[in-house]
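A.B. asks: Heads up: the sequence shown begins at 1 in full-length UniProt numbering, then just goes up one per residue.
Using N, Cα and C, we set each Cβ at its ideal position, and we do this for glycine too.
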Amino acid sequence: MNSIVQATIPDQGAEPRLFSIVTTCMMHRSCGADNSRSPCMVDGKYSKRFPKEFRDETSADFDSYPMYRRPNDGRTCVSAGKILDNRSVVPYNTYLALRYNGHLNVEICGMIQAVKYMYKYVYKGPDRATLHMIWNENGFDSRVVDEIDEFVNARYVHLSGYQNVTFQGGREEDSVRQAADKETMLTAFSKLNEEHEPLYGEGDVPELEKDVRTLLYVQVPEFFSFDQQARKWKMRQRKSRPIGRMYTADPLDVERYSLRTLLLDRRGPKSFSDLGTVDGVVHVFFKEAAKALGLMNDDSHYESCLSEASEFHMPGQFRSLFSSLLCFCSVSEPEQLWEKFKRALAEDYIHRGLGEEEGVVRAYYDIMDKMIVCGANLMSIISPSSHEMSDQLNEEEFTEDEHISCGSHLMVQLNVHQKAAADSISSTIDDGNHQHFFIDGPGGSGKTLLYTALYHTLLGMRKNVICVAWTEIAANLLPNGRTASSAFKLNIHDNNRTCTMKRQLAEANILRNVSVIF
1 MNSIVQATIP DQGAEPRLFS IVTTCMMHRS CGADNSRSPC MVDGKYSKRF PKEFRDETSA
61 DFDSYPMYRR PNDGRTCVSA GKILDNRSVV PYNTYLALRY NGHLNVEICG MIQAVKYMYK
121 YVYKGPDRAT LHMIWNENGF DSRVVDEIDE FVNARYVHLS GYQNVTFQGG REEDSVRQAA
181 DKETMLTAFS KLNEEHEPLY GEGDVPELEK DVRTLLYVQV PEFFSFDQQA RKWKMRQRKS
241 RPIGRMYTAD PLDVERYSLR TLLLDRRGPK SFSDLGTVDG VVHVFFKEAA KALGLMNDDS
301 HYESCLSEAS EFHMPGQFRS LFSSLLCFCS VSEPEQLWEK FKRALAEDYI HRGLGEEEGV
361 VRAYYDIMDK MIVCGANLMS IISPSSHEMS DQLNEEEFTE DEHISCGSHL MVQLNVHQKA
421 AADSISSTID DGNHQHFFID GPGGSGKTLL YTALYHTLLG MRKNVICVAW TEIAANLLPN
481 GRTASSAFKL NIHDNNRTCT MKRQLAEANI LRNVSVIF
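#1: In the DSSP output, what is S79 paired with across the bridge?
#2: For G320, collect the residues of the same chain with a Cβ closer than 8 Å to its Cβ; drop the 5 residues on either side in sequence, then sort them by chain order.
#3: Looking only at its own chain, which residues have a Cβ that is under 8 Å from the Cβ of residue 524, when we skip the five neighbours before and after it?
#4: In the DSSP assignment, what are the bridge partners of K232?
#5: What whole-angstrom Cβ distance do F54 and N2 have, given they're in contact under 8 Å?
#6: So what's L490 in DSSP terms, helix, strand or just coil?
#7: How many angstroms separate the CA atom of P16 from the CA atom of I9?
#8: Would you give the residue range spanned by the alpha helix (DSSP H) that T24 belongs to?
#9: Run through DSSP, which three-state label would M371 get?
#10: When you compare only the Cα positions, how much space is there between T483 and V468?
#11: What runs of the beta strand (DSSP E), each 3 residues or longer, lie entirely inside the segment 243–305?
#12: If you measure between the beta carbons of F223 and K234, is that distance less than 8 Å?
#13: State the DSSP-derived secondary structure class of A309, mapped to helix, strand or coil.
#14: Are the beta-carbon atoms of N105 and Y92 separated by less than 8 Å?
#15: Alpha carbon to alpha carbon, how far is V514 from R177?
#16: Round the Cβ separation of L186 and E255 to the nearest angstrom and send it over; I've been treating them as touching at under 8 Å.
#17: Between which residues of its own chain and K210 is the CB-CB distance below 6 Å, once the five residues before and five after are set aside?
#18: Going along the chain, which residues of its own chain have a beta-carbon closer than 6 Å to the beta-carbon of P71, five neighbours each way excluded?
#19: Reducing DSSP to helix, strand and coil, say where S426 ends up.
#20: Nearest-angstrom Cα distance between D165 and R231?
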């Protein structure tokens with residue numbers, strides 16, 4: 001491991017070129033109160049946990065980053081007037097550093113769980129916001145059918161009559177009628193079973209053809225391909241055996257989740273009605289059919305849902321799903337689910353080097369925060385761990401003195417107009433009157449710098465401050481920024497006209513004590 005990744009300052013006499021590259025490109029420089037605009041500062045916190053500790057040997061844990069060898073050998077360099085040693089070296093590979101003469105962070109990654117992360121980063125693409133405005137030459141809204149777009153957005157697990165419908169304004173009824181006659185992959189699966197039933201019964205199935213009655217819905221793509229033109233499943237001619245994947249369904253969408261559960265258990269259904277029939281009884285709701293089959297009589301289906309989600313959900317998403325199950329579903333043994341999945345729920349914290357025990361505590365309190373928004377109390381459902389979070393977890397938070405230092409550092413960077421705005425806002429903080437200020441300026445004019453300077457200055461004055469924006473993209477630019485709909489619990493279904501926050505929530509109490517809202 002030490003031959004691949006190094007985290008030490010090279011010997012300047014023996015390796016002068018490597019020494020120059022490492023001290024120029026691979027040192028973690030000042031951050032925190034000394035440099036709040038450092039790339040490693042996320043939401044006002046240290047995200048990279050530098051400087052590290054001195055270590056004589058490299059140690060590796062199965063589920064976290066290795067702790068590389070960083071001996072206290074006296075080697076140092078000077079950066080921006082500060083003396084740095086091996087504790088501030090970003091891990092690198094000697095060959096790559098010499099080959100490319102730049103910043104190339106290299107880490108050892110030997111966990112099987114890394115596959116999930118590699119898949120995410122390869123396919124996620126850059127952060128983006130998408131807006132489509134399509135008009136024809138007459139000024140009317142029009143749409144060109146995009147098969148790729150339909151593939152991405154299609155729901156292959158849909159209830160009867162709930163398939164997607166694309167329509168033009170004024171032609172809604174025609175579009176609905178056309179969609180009703182158009183087979184989806186799911187309805188075509190039922191039709192395939194219905195058409196082949198007589199053949200199988202008479203023994204006329206070709207020798208090389210697969211008996212579709214033996215297949216689950218998710219297994220069909222292994223032997224059949226979907227003809228987009230004919231809208232039907234056809235036997236594959238080639239020997240390839242692709243793996244089918246069925247879209248997940250949120251347990252909160254009970255009927256669709258129950259439908260998916262049935263599709264993973266029942267073979268050869270000829271219709272939605274047939275799928276919901278158990279022992280000759282036609283169940284109106286798929287949930288009742290699943291219960292009749294013993295598929296949803298205990299927590300096993302929740303356990304199955306979480307087990308599947310743990311394989312591809314990022315930890316934050318996984319915690320959101322777990323909190324939703326506890327808030328809105330009838331989980332009979334939540335403690336057992338927590339014990340089984342707590343490590344996966346804390347995966348991101350553990351990977352940051354916090355250790356499993358502290359990582360699990362962090363995950364617990366994050367789930368608690370998510371449930372508070374829904375008016376639920378995690379402590380009444382799952383007993384908290386007696387383990388206290390280490391002081392190291394809280395070291396990432398700014399102290400009052402650091403806020404003062406950071407605010408002062410940023411204030412001197414303001415231009416005349418920014419300083420005038422900052423002074424106007426600051427002068428009204430303690431007068432007891434509600435004030436509204438509107439800061440206007442083009443992109444790049446320094447509005448975010450002004451907000452950040454005021455944010456740290458006011459926190460240094462022991463004022464309560466929150467930063468909100470209408471979009472998530474804008475909120476990410478603000479220190480500890482949140483979207484307005486999240487911070488104020490606005491109802492997005494009525495265009496944010498109403499607030500759904502309850503008075504007794506902890507977040508409501510926080511808002512009552514806020515001094516400034518950006």
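C.D. replies: Working from what's here:
#1: According to DSSP, which records beta bridges pairwise, S79 is partnered with K82.
#2: Note that residue 320 is Ser in the sequence shown here, rather than Gly. If the five residues before and after S320 are omitted, its C-beta is found closer than 8 Å to the C-beta atoms of K370, all from its own chain and listed in chain order.
#3: Any answer about residue 524 is impossible in this case: the structure gives the chain only from 1 up to 518.
#4: Answer is D227.
#5: Actually they are not in contact, since the Cβ atoms of F54 and N2 sit about 15 Å apart, beyond 8 Å.
#6: L490 falls in the strand class under three-state DSSP.
#7: Computed Cα separation, rounded: 11 Å.
#8: Start and end: P16 to C25.
#9: Collapsing the DSSP output to three states places M371 in a helix.
#10: Roughly 5 Å between the two C-alpha positions.
#11: Fully enclosed beta strand (DSSP E) runs of 3 or longer: not present.
#12: F223 places its beta carbon 8 Å or farther from that of K234.
#13: In this structure, DSSP gives A309 a helical state, which the three-state scheme calls helix.
#14: Contact: yes.
#15: Taking the CA atoms as reference points, V514 sits about 53 Å from R177.
#16: Between L186 and E255, the beta carbon gap of about 14 Å keeps them out of contact (Cβ cut-off 8 Å).
#17: Exclusion of the five residues before and after K210 leaves F223 as the residues of its chain whose Cβ lies within less than 6 Å of its Cβ.
#18: The residues D56, in chain order, have a CB closer than 6 Å to that of P71 in the same chain once the five nearest residues on each side in sequence are set aside.
#19: S426: helix per DSSP, three-state reduction.
#20: The amino acid occupying residue 165 in the given sequence is Val; Asp does not appear at that position. Computed Cα separation, rounded: 15 Å.
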